[in-house]
Every structure is written in C-alpha cells, then in structure tokens.
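Undergrad:
Protein chains in written order, with the UniProt record's numbering: chain A, 1 to 778; chain B, 1 to 112.
1. Restricting to runs no shorter than 4 residues, where is the alpha helix (DSSP H) found entirely within the UniProt domain "MrpA C-terminal/MbhE" (694-777) of chain A?
2. Output needed for residue 317 of chain A: all residues of its chain with C-beta closer than 8 Å, excluding positions within five of it in sequence on either side, in chain order.
3. Which bits of chain A does residue 4 of chain B rub up against, with CB to CB less than 8 Å?
4. So, helix, strand or coil for residue 570 of chain A, using DSSP?
5. Candidates B:35, B:55, B:23 and B:89: which alpha carbon is nearest residue 571 of chain A's?
6. Look up residue 319 of chain A in the DSSP assignment and say whether it is helix, strand or coil.
7. Using the DSSP secondary-structure output, state which residues sit across from residue 70 of chain A in a beta bridge.
8. Can a CB atom of chain B be found closer than 7 Å to the CB of residue 652 of chain A?
9. Do the segment 598-616 of chain A and the segment 753-772 of chain A make contact, defined as three or more Cβ pairs closer than 8 Å?
10. My parser needs the alpha helix (DSSP H) runs of 4 or more residues fully inside the segment 479-527 of chain A; what are they?
11. Compare the C-alpha of residue 377 of chain A against each of A:457, A:389 and A:366 and name the closest.
12. Sort A:754, A:139 and A:83 by Cα distance to residue 110 of chain A and report the nearest one.
13. I'd like the span of the alpha helix (DSSP H) that includes residue 247 of chain A, first residue to last.
14. What residue range does the alpha helix (DSSP H) around residue 67 of chain B cover?
15. Buried or exposed: where does residue 232 of chain A fall if 16 or more other Cβ atoms within 10 Å of its Cβ makes it buried?
16. Return the first residue and the last residue of the alpha helix (DSSP H) that residue 183 of chain A is part of.
17. Thinking residue 706 of chain A and residue 7 of chain B are a contact (beta carbons under 8 Å), I'd like their distance in whole angstroms, please.
18. Answer with yes or no whether the minimum CB distance from residue 778 of chain A to chain B is below 7 Å.
19. For a cutoff of 7 Å on Cβ pairs, would you count residue 111 of chain B as touching chain A?
20. When you compare the segment 91-110 of chain B with the segment 62-71 of chain B, are there three or more beta-carbon pairs, one atom per stretch, that lie closer than 8 Å?
21. Could you tell me which chain B residues have their CB closer than 7 Å to the CB of residue 660 of chain A, listed as they occur along the chain?
22. Using the three-state DSSP reduction, which class does residue 289 of chain A fall into: helix, strand or coil?
23. Any idea what DSSP makes of residue 339 of chain A, helix, strand or coil?
24. Just checking: is the beta-carbon of residue 754 of chain A within a distance shorter than 7 Å of some beta-carbon in chain B?
25. In the structure shown, what three-state DSSP assignment does residue 107 of chain A receive?
26. Cα-Cα, which of B:20, B:15 and B:99 is closest to residue 574 of chain A?
27. Closest to residue 357 of chain A by CA distance: which of A:451, A:193 and A:561 is it?
28. Quick one: what does DSSP say residue 351 of chain A is sitting in, helix, strand or coil?
29. Beta-carbon within less than 8 Å of residue 103 of chain A's beta-carbon, same chain only, minus the 5 sequence neighbours each way: which residues are those?
30. Are the C-beta atoms of residue 63 of chain B and some chain A residue less than 7 Å apart?
31. Would you check if the segment 243-255 of chain A and the segment 214-222 of chain A touch, i.e. whether three or more CB-CB distances between them fall below 8 Å?
32. What residues from chain A crowd round residue 70 of chain B, counting only those whose CB sits closer than 7 Å?
33. Are the CB atoms of residue 33 of chain B and residue 637 of chain A within a distance shorter than 7 Å?
34. So is residue 114 of chain B in contact with chain A if we call contact Cβ pairs under 7 Å?
35. Would the beta-carbon of residue 2 of chain B fall within 7 Å of that of residue 45 of chain B?
36. If you draw a straight line from the C-alpha of residue 49 of chain A to the C-alpha of residue 72 of chain A, how long is it?
Shown next, in the form of structure tokens:
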C-alpha cells in the first residue's frame with residue numbers, strides 16, 4: 001500500500017520532464033495510468049470475504065510517527081473512489097485541457113492531490129493523516145488557482161486555503177489531545193480506548209475541534225462559502241476534488257471516528273444539525289445560481305450535508321445510507337460536472353441564462369445529463385441509484401435513536417420535515433440544471449461558439465459514470481454485500497447484517513416522502529420564475545461571504561497598518577525598538593524574579609591606578625558622543641581602547657593587553673584611512689524627542705549591563721569550570737600559558753571558526769574595495 | 001573594584017548605544033567599537049579581578065586569575081576587529097556610491 005500511496009508522488013517528479021514533449025503526447029495519458037494501476041491493485045479486495053489489511057513502515061519511530069496503512073471497508077470505498085474517479089477525470093482532462101496550458105503544473109498538483117488523498121484514507125497514524133490532510137488542502141489551493149492570471153481564481157484559491165487550513169489546524173489540535181489522552185498515535189488504538197476520550201474533561205473541546213476540521217473540509221454550513229468560489233478551478237478539478245473526493249475527506253473523518261464519538265449525544269446534535277442545515281441551505285441556494293458550476297457547487301454542499309446528517313443519525317440504516325450515498329454521489333455528481341465542462345467547452349459559456357435548447361445540438365451529453373440529474377433529484381425510478389440512498393435517508397430520518405428529551409428530542413421531531421424540505425429543493429435545482437440547459441428555446445446566435453457534440457474522448461468518462469448510476473440502480477446487490485456493507489461496518493464499529501436493497505417496499509412512509517418531494521418539487525420547478533424574488537428576503541443582504549471578505553480585508557489592513565507603523569525603513573528606529581524591547585523585558589524580569597543581587601563580601605581593593613585609568617576612559621567615552629570632529633572622535637575612541645589594555649595589564653591578563661594594544665593600533669589606523677572618504681560629522685539634527693529617547697535608551701542599557709555585571713559577580717551558583725583548565729593545561733595541552741592552551745587546544749575548533757570569520761571578513765573587505773562604482777545610466 | 005568596573009562597563013555601553021543611535025555611519029561604527037570594549041570589560045568583571053598570578057603556569061604558584069574570561073575576550077577582540085574593519089569599508093563604499101553617510105537618507109524608496 002505504501003507503493004500505492006507513493007506512486008502518484010513519484011510520477012509527479014517526472015511529470016515536468018514528460019510535459020516537455022506535450023506537443024507530441026499529452027502527459028495526461030501517463031497520469032491516467034497511475035489511478036488505473038491503483039484501482040486494479042485495490043479492486044481485488046472487493047468481495048464478501050473482505051478482511052481489513054494492515055501494513056506498517058517506520059518513518060520517525062522516535063516520535064511514534066510511523067506509516068501505518070490500514071485498509072478497512074471505509075478506506076476501501078474511498079480508495080476506489082479516489083482511484084476510479086481519478087482515472088476518469090485524468091482521462092477527461094486530456095480533452096478538456098489544451099496543450100497550450102501549463103500541463104506540467106496541472107498534473108503535478110493533480111498527482112500530489114491523489115497521493116495525499118490516498119494517504120488520508122489509508123493512514124492509521126493520526127499525524128500521518130494530518131500531514132496528508134494538509135497536503136490535500138495545499139494541492140486544492142494550487143489547482144483552484146491554476147488559471148492564476150484570473151483574479152477570481154486567486155480569490156477562490158485563497159479562500160479555500162484559509163478556511164480549510166483553519167479547520168486543519170483545529171483538527172491537529174483534536175488529534176494531539178486524543179493522542180495525549182490515549183497515549184497512542186494509532187486511530188484504531190484510540191477507538192479501542194474510547195472511554196479515555198469520552199470521559200475526559202476535554203471531550204467537548206476535542207469534539208468541537210475535530211468537527212471544525214471536518215466541517216470546513218466538507219463545506220458544511222457556515223463554512224461552505226469556499227466551495228462555490230473553488231469552482232474557478234478547471235472543471236476536471238471541480239469534478240474530482242470538489243465533488244467526489246477531497247470534500248468528502250471531512251465526511252471520512254467523521255465516519256472514521258464514528259465508532260468512538262457516536263455514543264455522545266452532542267455528536268448526534270451537532271453533526272445532524274450541521275448536516276440538515278447544510279442540506280437545506282445548499283439546495284435552497286443552488287436554485288438561485290446562474291452559473292452551471294455554481295448550481296453544482298451548492299448541490300454538492302447540500303449532498304454533503306445529507307451524508308453528514310446521516311452520519312450524525314448514527315443508526316445502522318443511516319450509516320448504511322451514508323456510505324451508499326458517498327458512492328452514488330460520486331457517480332452522478334462527477335458525471336454532471338463533466339457535462340458542465342462539456343457545455344462550457346462546446347458553447348463557451350456556463351451561464352444558464354444564455355443556454356437552453358441544447359438537446360438537439362448535444363444529444364449524447366443531454367442523455368447523460370438526464371440520468372445523472374434525475375438520479376440526483378431522487379426520482380423514484382428503478383435504474384437511478386440516487387433514489388435508493390435518498391430513500392434510505394428518509395427512512396433513517398424517521399427512525400432516529402436518541403433520547404427524546406431536550407434538544408435532541410426536538411431535533412428528532414423536525415428532522416424528517418427538514419429532510420423533505422431540503423430534498424424538494426434538491427429536486428428543483430436538478431430539474432433547473434437539466435431543463436435550463438437542454439430544453440427550452442435555443443439562443444444559439446447569442447452563444448460565443450456554435451455548439452456541437454463533444455469529442456468522444458470527453459464523453460467516455462461521464463458515460464462510464466452514468467453507466468455506474470444505472471448499474472447500481474438496477475442491480476444494487478452488486479455493491480451491497482461485497483462493498484458497501486463492509487464500509488458501513490467500519491463506520492459503525494460492529495458487524496452489520498447485509499441490508500437488503502430493493503426498489504419497491506410498498507406504500508411506506510419513505511416512499512410517501514419521495515412522492516411528496518417529486519410533486520412539490522415539480523410544482524416549484526415549473527413556477528420557479530414566480531417565486532425567485534424570495535431570495536431578496538433570504539438571504540437578501542445577509543451574506544457570509546461579506547463577513548469573510550470583511551474579516552480578511554480587515555486583517556490585511558490592520559496588519560498592514562501595524563507593520564507600516566514600525567517598519568518605516570529607518571534602521572535607527574528598528575534599533576531603538578529592539579533595544580527598548582530588551583530593556584523592558586529584562587528589567588521586568590529582573591524585578592519580578594528579584595534577579596538583582598549585590599554581594600560586597602568578595603571584592604578586591606580599590607587602587608589609584610585603576611581609578612585613574614577608569615576616569616580617563618569615562619571622559620574619553622563621553623567625549624566620543626559629544627565631539628563633532630571626525631579625527632577627534634577616532635582618537636578618543638583610541639584612548640578608550642588603550643585604557644582598556646591598561647586595565648588588562650592591571651588585571652593580570654598579559655595576552656589580552658598585548659592583543660588589545662595591537663588591534664587598537666590597527667583599528668585607529670584603519671579609521672584614519674577611511675574617515676577621509678566619509679562626510680564630516682554634522683551637528684546632531686534629530687528632533688528633540690528622538691534625542692531624549694536616545695539618551696534614555698542608552699542610559700537604560702548601560703544601567704542594565706551594570707546591574708547584570710554586579711549580579712553576575714555577586715551570585716555564584718555553580719563552581720567555575722576554570723579549575724579544570726588550570727589543572728590540565730600542562731597535562732593535556734602541554735603548555736604553560738593557560739589562555740593560549742584553551743584557545744588552541746581545548747577550544748581549538750572555536751578558534752578555527754574564528755579564523756574563518758576573519759577570512760570571510762577579509763574577502764568581503766577586498767571585494768568591497770575592488771568593487772567598481774555602478775555606472776549611472778544602468 | 002569590581003563594582004566600579006561594572007559601572008565603567010555600563011558607561012561604555014551607554015556611550016556606545018548612544019553613538020549607535022545616531023544617523024551618521026562613522027558615529028555608528030564608533031558606537032559598535034565602544035560596545036565591544038564595554039562587553040570585554042563586562043566579561044572580565046563577571047569573574048574575579050586581581051586574585052592570583054597571571055594565568056601562566058609557574059613553579060611554586062598555586063593561585064592564578066581566572067583564565068576562562070580571558071580566553072573568551074581574546075576571541076572577542078579579534079572578532080570585533082574583523083567586524084569593525086568590515087563596517088568601515090562598508091561605510092566607505094556606501095558613502096562613495098550614495099554620496100551620503102546619513103542613515104535616514106539611505107532608506108529605500110518604498111517607504112516614501
């Protein structure tokens with residue numbers, strides 16, 4: 001399985017080379033091979049005798065981060081979706097993306113996404129899962145922004161990135177909490193010790209962080225706003241990432257942790273509420289869209305809400321319906337996206353107001369769209385898979401297993417009605433999508449291109465998907481026991497008896513609900529123009545997008561103001577700020593911890609020569625600050641240096657005294673060489689406030705250093721290591737001069753690096769002197 | 001005596017920082033020079049002053065001054081020499097090419 005996950009990444013490395021010959025051979029062909037291979041590798045696991053597989057590879061064993069791949073029913077469902085839809089989308093993209101596009105980039109991102117998505121659904125280690133999770137966000141960002149010359153693309157990419165990465169970080173928080181509580185990084189081990197998490201005082205926090213991660217990724221209300229903007233991506237990407245796979249990562253996460261979390265009442269309340277609200281809001285808003293892909297985006301949101309709601313219900317029937325719908329949604333929505341892509345490609349527009357009557361021009365596409373959109377609507381026909389999962393949804397909404405008290409009791413009573421309401425609008429937008437595009441009066445002369453049927457290569461992928469719709473619809477048992485039941489089992493955590501899927505149950509409540517949906521949906525779809533003004537009231541001016549835009553805008557503006565406030569390009573100001581910060585922190589810390597200590601017991605005598613030298617140095621140092629004469633300043637600096645070497649003599653440091661003497665002489669000579677080329681010192685013309693600030697900062701800094709020096713002298717917490725050098729200087733280093741032995745022997749490497757520093761400085765100086773003045777006209 | 005030296009080091013830091021905060025490059029370089037002098041004295045003062053003989057092993061002497069700060073300072077002197085020389089040449093080039101050694105005028109144009 002490691003190979004399967006890594007294969008896309010490995011090929012991604014070679015894509016840039018392959019795309020050099022893109023004029024001769026579209027790199028999409030190579031890319032299509034990868035998911036096909038992966039699909040074939042995993043498809044053999046389908047069957048009623050399926051057993052979970054675990055494979056382990058160590059990665060960072062010291063941190064407990066290992067690559068553990070765990071293939072159970074749920075992972076298998078996702079792996080097959082990722083590789084299956086991936087293959088179809090890759091093939092479709094060969095015809096969708098022209099050779100003049102930056103195909104290399106596209107397929108690299110595409111493969112990175114595929115590999116990371118496989119990693120997400122196969123990882124058993126939470127941190128590996130998190131890393132792959134963020135990689136999918138990243139590749140989604142890159143793919144949405146693929147046409148990065150378009151402003152909308154960049155906006156959509158950034159939006160999706162901000163929202164999903166925000167959720168990703170919450171998820172990381174939840175994962176860290178859980179792994180700390182259970183002392184493991186394995187998801188299976190966590191679920192085995194679920195009581196540790198469920199009974200922990202942090203459980204509400206863990207639950208909300210985890211669900212935040214899942215809801216942002218799966219575009220649940222109110223985080224759904226990134227998905228419609230993500231439609232700026234090329235259509236194959238929308239079909240793949242933003243409908244079939246990536247947006248289901250959040251669903252996967254909730255499903256994966258269902259065995260642990262579903263016993264909590266809060267899980268039921270939050271997840272079903274979010275799911276139901278998303279279902280209703282998404283389908284309601286979809287009818288308002290005019291962009292074909294916009295309709296599909298909101299439809300995806302609402303379908304994801306429906307799956308999420310079923311996971312929240314948590315009953316056997318609901319879980320079964322959820323995993324079944326994951327598969328069904330991928331088939332019909334994937335094909336609808338491809339249909340939208342074809343229409344865009346062949347007519348030059350995706351605006352449904354300009355489309356219409358395309359049935360005669362694109363008959364095959366229209367046929368495909370009929371099946372897919374009617375399946376999406378849940379029309380009760382025996383060859384449409386959408387109907388089966390929709391009916392499971394209705395059925396499970398009627399048989400909720402939760403305590404009848406409090407809010408969950410209220411939830412139980414309203415969920416069936418909301419389910420029907422959301423489904424009515426689902427029916428409406430499905431009809432709107434199909435009839436608005438393919439029926440009605442054709443406005444061919446107003447289209448940018450003269451429409452004609454798509455090339456066969458573009459039709460193959462949606463055909464296969466629609467074939468899936470019909471086959472699953474006609475023969476649901478094909479996927480039932482061998483495949484869906486295992487996935488449901490993994491979500492539920494216990495063995496499930498195979499659910500019998502049949503078309504006709506008799507006139508039972510779910511069927512009545514379906515009929516209600518069809519009847520009311522048809523009425524609303526026909527009278528659509530009559531009631532659309534309702535959107536002026538709801539959402540009207542209420543807009544989550546405006547909230548998001550305002551948030552991003554303000555963050556940018558305020559951080560810009562703050563940054564501009566202190567980063568004004570004046571280095572003097574930066575130094576002042578840095579020093580002031582050091583002063584504040586150090587003094588505050590000293591005051592808080594009582595760090596300033598004075599111990600007068602261990603002091604040496606005060607002698608006249610030292611005082612004389614010290615006074616001279618003080619006067620000289622102050623002189624440098626006051627004089628406005630270049631030569632005077634340099635010479636006075638020299639006085640300070642020579643005074644220091646005098647002090648070294650007095651304090652019995654002969655080597656220091658010698659070195660200081662030589663260095664000071666050379667430095668003064670250097671100063672005198674250079675000063676001639678520098679402008680004269682001017683009177684200080686800084687404003688009074690700045691000058692006062694300078695004095696305060698410098699005096700404060702001097703005081704700080706004095707206090708630190710006195711404290712350091714006064715408090716000896718450990719024995720000095722100097723004795724070691726005194727004792728071993730001759731024994732180990734073979735030298736009498738201890739300082740020299742330390743430098744060249746005990747700390748020889750330090751000295752070597754010191755020489756390197758000097759060497760670099762020398763080279764830089766040489767380079768600077770030899771550097772020619774750049775010509776003015778350049 | 002140690003306290004007096006600590007005060008002296010503090011004064012060297014004060015004047016050094018004060019020069020560092022000025023606008024002209026020459027003053028800034030003088031400031032760095034003063035700060036490194038102050039730092040050397042600071043390191044020396046943290047140990048004990050004037051206890052024992054110079055740290056050169058001699059027959060019959062048991063007590064030596066602390067050799068470790070001296071080794072540190074020796075390294076530091078050499079490094080600060082390198083830094084000062086580099087700064088000087090840098091200032092020379094900057095003044096030559098830009099015609100000014102005023103830091104405020106050497107700001108980029110992005111902030112105007």
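All C-beta atoms in this analysis are idealised placements derived from N, C-alpha and C, irrespective of residue type, glycine included.
TA: According to the data block:
1. Complete alpha helix (DSSP H) runs here, min 4: 722-728, 738-741 and 748-770.
2. The residues 392, 395, 396, 399 and 499, in chain order, have a CB closer than 8 Å to that of residue 317 of chain A in the same chain once the five nearest residues on each side in sequence are set aside.
3. By Cβ distance, chain A contributes 606, 610, 611 and 614.
4. Coil at residue 570 of chain A, not helix or strand.
5. Ranking the options by Cα distance to residue 571 of chain A, first place goes to B:23.
6. In the displayed model, residue 319 of chain A falls within a helix according to three-state DSSP.
7. According to DSSP, residue 70 of chain A shares a beta bridge with A:54.
8. Yes - at least one Cβ of chain B is within 7 Å of the one on residue 652 of chain A.
9. Too few Cβ pairs lie closer than 8 Å, so no.
10. Runs found: 485-492 and 509-526.
11. Ranking the options by Cα distance to residue 377 of chain A, first place goes to A:389.
12. Distances from the CA of residue 110 of chain A to each of A:754, A:139 and A:83 were compared; the closest alpha carbon is that of A:139.
13. Careful: residue 247 of chain A lies outside any alpha helix (DSSP H) and carries neither H nor E.
14. Per DSSP, the unbroken alpha helix (DSSP H) holding residue 67 of chain B starts and ends at 67-98.
15. Looking at its Cβ environment, which holds 16 or more other Cβ atoms inside 10 Å, residue 232 of chain A is buried.
16. The continuous stretches of alpha helix (DSSP H) do not include residue 183 of chain A, and DSSP gives it neither H nor E.
17. Right, their Cβ atoms sit about 5 Å apart.
18. No answer about residue 778 of chain A holds up, because its pLDDT of 40 lies below 50 and its placement is not dependable.
19. Only weak support exists for where residue 111 of chain B lies, its pLDDT of 48 falling under 50; the coordinates are left without a value.
20. Between the segment 91-110 of chain B and the segment 62-71 of chain B, the count of Cβ pairs shorter than 8 Å is below three; the stretches do not touch.
21. Residues of chain B whose Cβ lies closer than 7 Å to the Cβ of residue 660 of chain A are, in chain order, 77.
22. Three-state DSSP puts residue 289 of chain A in coil, outside helix and strand.
23. Assignment of residue 339 of chain A by DSSP, reduced to helix, strand and coil, places it in the helix class.
24. Cβ-Cβ to chain B under 7 Å: yes for residue 754 of chain A.
25. Correct three-state label for residue 107 of chain A: helix.
26. Among B:20, B:15 and B:99, the Cα nearest to that of residue 574 of chain A belongs to B:20.
27. Nearest of A:451, A:193 and A:561 to residue 357 of chain A, Cα basis: A:451.
28. In the structure shown, residue 351 of chain A sits in a strand (DSSP, three-state: E or B).
29. Hits under 8 Å: 19, 22, 26, 27, 28 and 97.
30. For residue 63 of chain B, the answer is no, since every Cβ of chain A falls outside 7 Å of its Cβ.
31. By the Cβ criterion, the segment 214-222 of chain A is in contact with the segment 243-255 of chain A, since at least three pairs of Cβ atoms, one from each stretch, lie closer than 8 Å.
32. Below the 7 Å Cβ cutoff, chain A contributes 653, 655, 656 and 739 as neighbours of residue 70 of chain B, in chain order.
33. In terms of Cβ geometry, residue 637 of chain A and residue 33 of chain B form a close pair [threshold 7 Å].
34. In the structure as shown, chain B begins at 1 and stops at 112. Residue 114 of chain B is therefore absent and cannot be evaluated.
35. In contact: residue 2 of chain B and residue 45 of chain B (Cβ atoms closer than 7 Å).
36. Cα-Cα distance, rounded: 12 Å.
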